[in-house]
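Below: one structure, written as structure tokens.
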Amino acid sequence: MELRLVFLYRGLVFYLAAVFSQSADPISRCTLKPAGSSRCDFNRINCYHSDTASWEMTDIPLDKGPVQNYDGNYMFLNPTLSRGKPKRLIGRIAANTAAVCVSLHYATSGPEPVPINFYIENGDALTLVHRIKANTWGHWEYTKFACCLPNVGSAKQFAIEATSTVNGIPAIDSVDFHVSNMPCENGELVCYPSLPDQTPLDSATGPRCSSDQVEPAVPSCEFNADDKKILEDCGWEVSSAWEVRQKIDGSGLKIDYIRVRTSDKRRPTPTGIAQNAWETLFSCSSSSSTSPFIPFCGMTHTPSVDFNSTSFSTRWEEKEPGNTTENTFPGKDYYLLYKGTDNASLTTPEIEGDEEIKLTFSYALSGNGQLDVYVDQEGQNNTLVWSSNQELAGTWHSEALTIGMIGPLKIKFSAYRFNQSVEEDNPVFVGLTDISLEIPMAIAAVVVVVVVVVVVVAVVVVVVVVVVVVVVVNVVVVVVVVVVVAVVIVVVVVVDVASLLLVVIRSVVVVVVVVVVVVVVVIVVVVAAVVVVIVVIVVEIDGKDKRKKRYGDENDSFWEMKVMIIIGVVIGLIVLIQIAFLAYQRVQKKRSDSEI
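Heads up: the sequence shown is residues -23 to -1, 1 to 573, going by mature numbering (1 follows the signal peptide of the UniProt record, and there is no 0).
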């Protein structure tokens, strides 16, 4: 009986020690100060770089991903791209950090457990410090650990590694690295809780994450500043090895970041450009009334289509109105259909611009089909901006993207079978239609130009009318003066407005329409001025004899000279206005060049 009590007592002691060990979990008292790597919730940007393009960021549930978001965007490992091989996310711990506390949320989908491993640089290699064998069935769970670090004076890499298959896809979110001021005296890499194959650490001497405020190793970094030194100051390494998007802000700074599958975040509307004011530069409509006469809407396609071949080949083809046979995706009169297994692309004509462009299109997927959208511009070819491989049950879906421009660009649609490891000869299908490329139209600038032109013309014509009426009563002379001045003004206005609008709008058709409107307005103003002049002269005709008696007929040449002087003054005024306008254009061009 006494022996049993001894065993029970010892068991109770060990149990209480274990409970105390858990309740004294040092990680729960971690400081909120970053340890060289700021908290990453993936809502703005991916904080880490990787060795592959396999990790993706998303903010919507996927058929093969977590059931729902934990907090906004999250990262998941694409099994199609990783092909069952371990893939890593790599970040950095700043120098002079003696100990860190790490926490994150994770989730998995599918029936198979998914390994998620954590490594910290130790000498010339990355050492495994924490391991999860996760199987959460789409629910988010939480893990945390703390480590004393070796070689405190040097910065170190840390890595999050996982393996993904169609039966088990890992996702992570809210990765936190916090500084700890716990004592770490031996200078070795030791972590708590320890791995099963490592020597267990005594909870009494293991790492502690103090709640005391510890100075951060580096400032917090969200990668959203305009300063071009932001990457250096934050100590982050950004690699284009990810499947990335390039964010180009107003300063010209280019930052690689992970694609968001469906996002309502768009670049802000540039100053002076009215929202939703867009001019279409390229269109490929599904409407039967506007079906294109040019094959493939003028887009180039690869590989080229061999219609004489009787064997199957990967290709894009057109589905035109009235073609009811083999209508893979009903609901559209005209669409472009990809049929095959290998990669085939459609590329739009080159679009001019230097600000931004809006791309809209409708697509449908069947089987294992995948559709990617790439941008080619100024040496940055094949920049992925959108991708989808979710089967849509033959239904059409619409997508809209706003893409920053740094010069002329082309849009490339690329279709293929995303699961190439499956041994199948059956083709997959991708539908594409209602493609539109639009650039912002500066409505505000156009309105300002037209208003200024009308005001200037009206003021000049009224001044001329008043002066001529005062010194001359000859209707013919008055009309000639007004017409000459009006013609000069119209020519100047047309040239100036056209040159300005070509820069602002970059469309000859729109420029012609606006110029015609301006000319009509000017003509209306001039005709109104002539009518006013004639009315004034008719009213003043009674005083003609009195003025002749006062000045005499011999002074007619003197009045003609005055008329010529008036015309010269008006033309000189117009020339001055023109010089000022050209100077303004030059200043605006220099400012635009400096911004680019």
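Cβ atoms here follow ideal geometry from the backbone N, Cα and C, with glycine treated the same way. Computed from a predicted model, the values in this text were never measured in an experiment.
Checklist entry - Skipping 5 residues on each side, what residues in its chain have a beta carbon closer than 7 Å to that of Pro170? => result Phe122
Checklist entry - Taking Asp353 as the reference, which of Thr318, Phe390, Gly344 has the closest Cα? => result Phe390
Item to check | Buried/exposed call for Asn366, threshold 16 Cβ in 10 Å | outcome: buried
Next on the checklist: Going by the DSSP bridge assignment, what does Cys125 pair with across the sheet?
Outcome noted: Ala76, Val167
Next on the checklist: Since Leu336 and Ile380 should fall inside the 8 Å C-beta cutoff, what is the C-beta to C-beta distance between them, to a whole number of angstroms?
Outcome noted: 6 Å
Item to check | Rounded straight-line distance, which links the Cα of Pro147 to that of residue 615 | outcome: Because the chain is modelled from -23 through 573, residue 615 falls outside the range shown and cannot be assessed.
Item to check | Unbroken beta strand (DSSP E) run spanning Gly381, endpoints | outcome: 374 to 381
Checklist entry - Do the CB positions of Arg99 and Leu166 come within less than 7 Å of each other? => result The identity of residue 99 in the sequence shown is Asn, whereas the question assumes Arg. Their beta carbons are under 7 Å apart, which means Asn99 touches Leu166 by this criterion.
Checklist entry - Since Asp150 is in the beta strand (DSSP E), which residue starts that stretch and which ends it? => result 146 to 156
Checklist entry - In this structure, does DSSP put Ala132 in helix, strand or coil? => result coil
Checklist entry - With C-beta atoms as the reference, is Lys110 less than 7 Å away from Ile70? => result no
Checklist entry - Taking DSSP as the reference, what is the three-state secondary structure of Gly68? => result strand
Checklist entry - Relative to the C-alpha of Val79, which residue among Leu386, Asp411, Cys125 is closest? => result Cys125
Checklist entry - Assuming Leu258 and Leu409 make a contact with CB atoms under 8 Å, what is their CB distance in whole Å? => result Rounded, the Cβ-Cβ distance is 18 Å, inconsistent with contact.
Item to check | Same chain only: Cβ atoms within 6 Å of Ser260, ignoring 5 sequence neighbours per side | outcome: Ser413
Checklist entry - Out of Tyr340, Leu386, Leu313, Thr291, which has the shortest C-alpha to C-alpha gap to Pro404? => result Thr291
Next on the checklist: Distance check for Ser151 and Val77, CA to CA, integer angstroms please.
Outcome noted: 16 Å
Checklist entry - Can you name the start and end residues of the beta strand (DSSP E) that Trp114 belongs to? => result Element bounds for Trp114: n/a, residue is neither H nor E.
Item to check | Residue environment, Val350, which counts as buried when at least 16 other CB atoms sit within 10 Å | outcome: buried
Item to check | Under the three-state DSSP convention, the category Phe338 falls into | outcome: strand
Checklist entry - In three-state terms, what does DSSP make of Pro417? => result strand
Checklist entry - Across which residues does DSSP place Tyr315 in a beta bridge pair? => result Trp293, Val407
Checklist entry - Within 10 angstroms of its Cβ, does Ile153 collect 16 or more other Cβ (buried), or is it exposed? => result According to the sequence provided, residue 153 is Asp. The question's Ile does not apply to it. When all chains shown are included, Asp153 counts as buried.
Item to check | In DSSP terms, what Phe259 is bridged to | outcome: Leu414
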